[in-house]
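Student: One line per chain: the protein sequences are V and Z, in this order. The first sequence lines up with residues 1 to 359 when you count with our numbering. The second sequence lines up with residues 1001 to 1359 when you count with our numbering. Glycine included, C-beta positions come from ideal geometry on N, C-alpha and C.
2 protein chains.
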Amino acid sequence: VRLDAQNLGSLARGCALLGAGGGGDPELGLSMALMAVEEHGPVEVVALENLDDDALIMPCGLVGSPALASEKVWGGDEGRTLRNAVERLRAEPVAALMCYSQAGANGLLPVMWAARIGLPLVDADGMGRAFPELQQQAMHLADVPASPVVVTDGRGNAQVLYSADDAWAERMARSAAACFGGVCAGALYCLTALEARDAAISRSLSRAVGIGEALSADAVSDRIDALCELHDAVVVIEGRIVSVERRAPEGFVHGSATIQEDAPGARQLRLELQNEFLLAIEDGAVRAAVPDLISVLSTDTGNPIATERLRRGEHVVVVSTPAPAPWLSPAGLAVAGPAAFGYDVDYTPSVQGVTDARR
Amino acid sequence: VRLDAQNLGSLARGCALLGAGGGGDPELGLSMALMAVEEHGPVEVVALENLDDDALIMPCGLVGSPALASEKVWGGDEGRTLRNAVERLRAEPVAALMCYSQAGANGLLPVMWAARIGLPLVDADGMGRAFPELQQQAMHLADVPASPVVVTDGRGNAQVLYSADDAWAERMARSAAACFGGVCAGALYCLTALEARDAAISRSLSRAVGIGEALSADAVSDRIDALCELHDAVVVIEGRIVSVERRAPEGFVHGSATIQEDAPGARQLRLELQNEFLLAIEDGAVRAAVPDLISVLSTDTGNPIATERLRRGEHVVVVSTPAPAPWLSPAGLAVAGPAAFGYDVDYTPSVQGVTDARR
């Protein structure tokens, strides 16, 4: 597989859905990735099993506030700075980049970087979706250390952060991003292909492209059908947004939204959000919960809507997609389940909310 | 010269005066340095001309708020962490440590580190006094880069900060200190002995010990006399503190204090302070100005008083000591003259304020 002008649009649509409302707008990253492949040629996508055991993989993406990522002027050479720093630290060449999160802006920026430095991109990632914290990575669950974390503003300033404690690495990285104006580029959890075969989430990039293709159907209902049939999504509710509550301290979005069904029954669903949509609650019962992906699509445009773009009055369909397997283990749920976000509810697999009669 | 239980007390007194009201309380550093030399033996002090040209010198001290430095629990191994990181970065051994500022707490912490890792301390520093910003270094004037800056909390977390711009290095270091609770240990402006002979301020450590010995006389007037006769100090005023205005946003002290002479003439002097005493103004005229050192001594105890310890009603003598030569160049004044601190006045050499008839 290669990423080029033909399939980058699908990748971006897939990343928008996998962002589960967060991860930053993929549009700016898409533009930059398109320019980069036009100038430097397509980006090779390589499966983990096709890399040498000791090939060094550099997971990368943005660090800091994804909401600020589309306001930042990316120079394009951030990936090269990160790669050079990692090669200096490891004293060996980087064989391939990997999106640490194949979602939102994080699913596209590394495509631009890979194109510009002429390296392949691995068909895997560390999250299989978007999460707000850098230690919410499958690599963290597999005991691959985040450190040394490299961050750069792409303007000649860089930091290398060392800690044996991934939570401290996250704290230092966030502080560095704040120093760089709220968002910057970062590489972390660098690992060999041998390690990644166990530690990373395989096929994330193919999955994102596949989901993006499902979202390319003309009719919105065909898009939803394809998501459900090909990607195990379930529809949680379809209706109108009747209220949105949101605040964004330090660029991180927190809040909730309520969606009311049009039908006579008038079911109501409350979405809890923190950058991403994290819980879907109906009559006090959990209908979908993180780490499963909760995505909100406009029934007008058929496109996923980011948490910071929700508007009252908009007609939407809420779909939930199963979390990648590592997140459903006890360790995975401890790091990225509802309790990790401060919600006093247990994870339960997502529940179909609309009967087949709907369509 | 060696630093041991006999002369560390003098070093600490000298560092208190050279702090010019800032640089952090040397007392905690003194206790830790005394314990370290008791356990590991005295610290050798080496002159710059006695080091091999290519000997690597690691300037170090605290980064962040000096006011918080005495509240931090220093583990003692911060220097070792810094040294190990610098040796990894430079791929060569560190030959000696240097206080980046031979003043306040910064003049003592590196003594403890040197004792614990068994390295000598260079008889030189980067400031010849205390300054609030890390780019206010003679090495900066000599175009030795601050970067890579290494900082650590001494608890297993470390950061290496890269920038060609010393102001950005300072900004990143300050942000890292904030992430570490407001203060941490740092190494920066690493350089060879050959470079240091031009770039650093020589004999700072001997000077601090000499000033400390002057401050060891029993009678306060003898201390002042010795400062004036042996260390070119001038007495600016002697009187009572009649007002103190001070605020400490983010641990950095800002404010002013007014001192009124006891004598019938009743001269009044206003001190402007930002961590350090920066200006002494009488009737609108500058009597002493940064980069000259302005120090306030209690006439009761004969000891220097830190800006954050000034109390109304206290009887004090204000002395000014000449700045090391690099600060009096146009480049030096641009970095550390009154204008660098936001004061719209020109530097003028300090003026004797009390006639010899006083004593």
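#1: Any beta-carbon of chain V closer than 8 Å to the one on Z/G1182?
#2: Does Z/G1173 pass the burial test, meaning 16 or more other C-beta atoms within 10 Å, or should it be called exposed?
#3: Going by beta-carbon coordinates alone, are Z/A1005 and Z/M1112 separated by less than 8 Å?
#4: Taking the alpha helix (DSSP H) that Z/T1299 belongs to, which residues open and close that run?
#5: Taking the alpha helix (DSSP H) that V/S10 falls in, what are its first and last residues?
#6: Take V/V122 as the anchor and find which of V/S65, V/Q260 and V/A208 has the nearest alpha-carbon.
#7: Taking the C-alpha atoms as reference points, what is the distance between Z/G1118 and Z/A1323?
#8: Considering just the uninterrupted stretch of the alpha helix (DSSP H) at Z/G1332, what are its terminal residues?
#9: Taking 8 Å as the CB-CB limit, is Z/L1154 close to chain V?
#10: How many angstroms separate the CA atom of Z/L1328 from the CA atom of Z/P1349?
#11: Applying the criterion that 16 or more other CB atoms from any shown protein chain within 10 Å of the CB defines a buried residue, is V/Q136 buried or exposed?
#12: Residue range of the beta strand (DSSP E) that Z/P1026 falls in?
#13: Taking the alpha helix (DSSP H) that V/S70 belongs to, which residues open and close that run?
#14: What would DSSP say about V/A200, mapped onto helix, strand or coil?
#15: Taking beta-carbon pairs under 9 Å, can you tell me which members of the segment 164-195 of chain V lie near chain Z?
#16: Run the CB neighbour count on Z/L1230, radius 10 Å, all protein chains shown included, and call it buried at 16 or more, exposed below.
#17: Would you mind working out which of Z/S1031, Z/T1301 and Z/E1245 sits nearest Z/L1307, comparing C-alpha positions?
#18: Is there contact here, the segment 1054-1064 of chain Z with the segment 1296-1312 of chain Z, by at least three beta-carbon pairs under 8 Å?
#19: Could you give the first and the last residue of the continuous beta strand (DSSP E) run that contains V/M360?
#20: Z/I1201 and Z/P1093: beta carbons closer than 8 Å?
#21: Once DSSP output is grouped into helix, strand and coil, what is the label at V/G104?
#22: Taking 8 Å as the cut-off, does the segment 190-206 of chain V touch the segment 125-140 of chain V (at least 3 CB pairs, one atom from each stretch)?
#23: Check whether the segment 186-200 of chain V touches the segment 1184-1201 of chain Z, taking contact to mean three or more Cβ pairs, one atom from each stretch, closer than 8 Å.
#24: With 8 Å set as the bound, which would you pick, yes or no: does the beta-carbon of Z/L1134 sit closer than that to a beta-carbon of chain V?
#25: Can you tell me whether Z/T1192 is buried or exposed? The criterion is at least 16 other CB atoms within 10 Å of its CB, across all chains shown.
#26: Express the C-alpha separation of V/G239 and V/R270 in angstroms, rounding to a whole number.
#27: Does DSSP put V/I165 in a helix, a strand or coil?
#28: Report the CB separation of V/G210 from V/G14 in whole angstroms; it is logged as a contact under 8 Å.
#29: Which value, in whole angstroms, describes the spacing of the CA atoms of Z/G1332 and Z/N1084?
#30: Taking the continuous alpha helix (DSSP H) assigned at Z/P1059, which residues delimit it?
#31: Of the choices Z/V1236, Z/F1180 and Z/V1242, whose alpha-carbon is the least far from that of Z/L1068?
#32: So V/D307 is in the alpha helix (DSSP H); what residue range does that whole segment cover?
#33: Is Z/V1345 close to the ligand NAD? I mean its beta-carbon at under 7 Å from any heavy atom of the ligand.
#34: Determine whether the Cβ of Z/L1161 lies closer than 8 Å to any Cβ atom of chain V.
#35: Which residues in the same chain as V/R359 place their Cβ atom closer than 7 Å to its Cβ, once the five residues preceding and following it in sequence are excluded?
#36: Looking at Z/V1160 and Z/L1082, is the spacing between their C-beta atoms short of 8 Å?
Tutor: Quick look at the numbers:
#1: Against the second sequence, residue 1182 of chain Z aligns to sequence position 182. In terms of beta-carbon proximity, Z/G1182 stays away from the interface with chain V, with every pair separated by 8 Å or more.
#2: Position 173 of the second sequence, counted from the start, is the residue given in the question as residue 1173 of chain Z. Reading off the sequence, residue 1173 of chain Z comes out as Ala, not Gly. Buried.
#3: Taking the second sequence and counting its residues from 1, the one referred to as residue 1005 of chain Z is at position 5. Taking the second sequence and counting its residues from 1, the one referred to as residue 1112 of chain Z is at position 112. One thing to note: Z/A1005 has its Cβ no nearer than 8 Å to the Cβ of Z/M1112.
#4: By 1-based counting over the second sequence, the position of residue 1299 of chain Z is 299. Careful: Z/T1299 lies outside any alpha helix (DSSP H) and carries neither H nor E.
#5: Sequence index remark: in the first sequence, residue 10 of chain V carries index 10 (1-based). The continuous alpha helix (DSSP H) containing V/S10 extends over residues L8 to L18.
#6: Numbered from its first residue, the first sequence carries residue 122 of chain V at position 122. Nearest of V/S65, V/Q260 and V/A208 to V/V122, Cα basis: V/A208.
#7: Within the second sequence, residue 1118 of chain Z is the residue found at index 118, counting from 1. Within the second sequence, residue 1323 of chain Z is the residue found at index 323, counting from 1. Near 32 Å, if we compare the C-alpha coordinates of Z/A1323 and Z/G1118.
#8: Taking the first residue of the second sequence as position 1, residue 1332 of chain Z is located at position 332. Counting along the chain, the unbroken alpha helix (DSSP H) around Z/G1332 starts and ends at P1330 to A1336.
#9: Translated into positions along the second sequence, residue 1154 of chain Z becomes position 154. At residue 1154 of chain Z the sequence reads Gly, which differs from the Leu that was named. For Z/G1154, the answer is no, since every Cβ of chain V falls outside 8 Å of its Cβ.
#10: Locating residue 1328 of chain Z in the second sequence gives position 328, where the first residue counts as 1. Locating residue 1349 of chain Z in the second sequence gives position 349, where the first residue counts as 1. Approximately 9 Å, taken between the alpha carbons.
#11: Translated into the one-based positions of the first sequence, residue 136 of chain V becomes position 136. Answer is buried; the Cβ neighbour count reaches 16.
#12: Taking the second sequence and counting its residues from 1, one reaches residue 1026 of chain Z at position 26. Z/P1026 -> not in any beta strand (DSSP E); alpha helix (DSSP H) instead, spanning P1026 to H1040.
#13: In the first sequence, residue 70 of chain V corresponds to position 70, counting from 1. Here V/S70 belongs to no alpha helix (DSSP H), and DSSP marks it neither H nor E.
#14: Against the first sequence, residue 200 of chain V aligns to sequence position 200. It is coil, neither helix nor strand.
#15: Cβ contacts with chain Z: A164, D165, W168, A169, R171, M172, R174, S175, A176, A178, C179 and F180.
#16: The count along the second sequence starts at 1 and reaches residue 1230 of chain Z at position 230. Exposed, since its Cβ has fewer than 16 Cβ neighbours within 10 Å.
#17: Within the second sequence, the letter at position 307 stands for residue 1307 of chain Z. Position check: residue 1307 of chain Z holds Thr in this sequence, whereas Leu was assumed. The residue with the shortest Cα to Cα distance from Z/T1307 is Z/E1245.
#18: No, because fewer than three Cβ pairs between the segment 1054-1064 of chain Z and the segment 1296-1312 of chain Z fall closer than 8 Å, the two stretches do not touch.
#19: The first residue shown for chain V is 1 and the last is 359, placing residue 360 of chain V beyond what the model contains.
#20: Counting from one through the second sequence, the residue named residue 1201 of chain Z turns up at place 201. Counting from one through the second sequence, the residue named residue 1093 of chain Z turns up at place 93. Between Z/I1201 and Z/P1093, the gap from beta carbon to beta carbon reaches 8 Å or more.
#21: Residue numbering aside, residue 104 of chain V sits at position 104 when the first sequence is read from its first letter. If DSSP states are grouped into helix, strand and coil, V/G104 belongs with the helices.
#22: When Cβ pairs closer than 8 Å are counted between the two stretches, the segment 125-140 of chain V is seen to touch the segment 190-206 of chain V, the count reaching three or more.
#23: By the Cβ criterion, the segment 186-200 of chain V is not in contact with the segment 1184-1201 of chain Z, since fewer than three pairs of Cβ atoms, one from each stretch, lie closer than 8 Å.
#24: Counted from its first residue, the second sequence places residue 1134 of chain Z at position 134. False, the Cβ-Cβ gap to chain V never drops below 8 Å.
#25: Along the second sequence, one-based indexing puts residue 1192 of chain Z at 192. Buried is the call here.
#26: The residue labelled residue 270 of chain V in the question sits at position 270 within the first sequence. The residue labelled residue 239 of chain V in the question sits at position 239 within the first sequence. Across the structure, V/R270 and V/G239 are spaced so that their CA atoms are roughly 12 Å apart.
#27: The residue given as residue 165 of chain V occupies position 165 in the first sequence. In the sequence as displayed, the identity of residue 165 of chain V is Asp instead of Ile. Looking at V/D165 - three-state DSSP - the assignment turns out to be coil, as it is neither helix nor strand.
#28: The residue labelled residue 210 of chain V in the question sits at position 210 within the first sequence. The residue labelled residue 14 of chain V in the question sits at position 14 within the first sequence. About 7 Å separates the two Cβ atoms, so the contact holds.
#29: Start at 1 with the first residue of the second sequence, and residue 1332 of chain Z comes out as number 332. Start at 1 with the first residue of the second sequence, and residue 1084 of chain Z comes out as number 84. The alpha-carbon atoms of Z/G1332 and Z/N1084 are separated by roughly 32 Å.
#30: Taking the first residue of the second sequence as position 1, residue 1059 of chain Z is located at position 59. For Z/P1059, there is no enclosing alpha helix (DSSP H); the residue is found in the beta strand (DSSP E) stretching over L1056 to G1064.
#31: For this step, residue 1068 of chain Z is matched to residue 68 along the second sequence. Relative to the Cα of Z/L1068, the nearest Cα in the group Z/V1236, Z/F1180 and Z/V1242 belongs to Z/F1180.
#32: Here the question's residue 307 of chain V lines up with position 307 in the first sequence. In the sequence as displayed, the identity of residue 307 of chain V is Thr instead of Asp. Premise fails: V/T307 is in no alpha helix (DSSP H) and is neither H nor E.
#33: The model depicted lacks the ligand NAD and carries no ligand whatsoever.
#34: Locating residue 1161 of chain Z in the second sequence gives position 161, counting from the first residue. Taking CB atoms only, Z/L1161 has a neighbour in chain V less than 8 Å away.
#35: Position 359 of the first sequence, counted from the first residue, corresponds to residue 359 of chain V. Only weak support is given to the placement of V/R359: the predicted model assigns it a pLDDT of 39, under 50, and the question is left unresolved by the model.
#36: Residue numbering aside, residue 1082 of chain Z sits at position 82 when the second sequence is read from its first letter. Residue numbering aside, residue 1160 of chain Z sits at position 160 when the second sequence is read from its first letter. No, they are not a contact pair.
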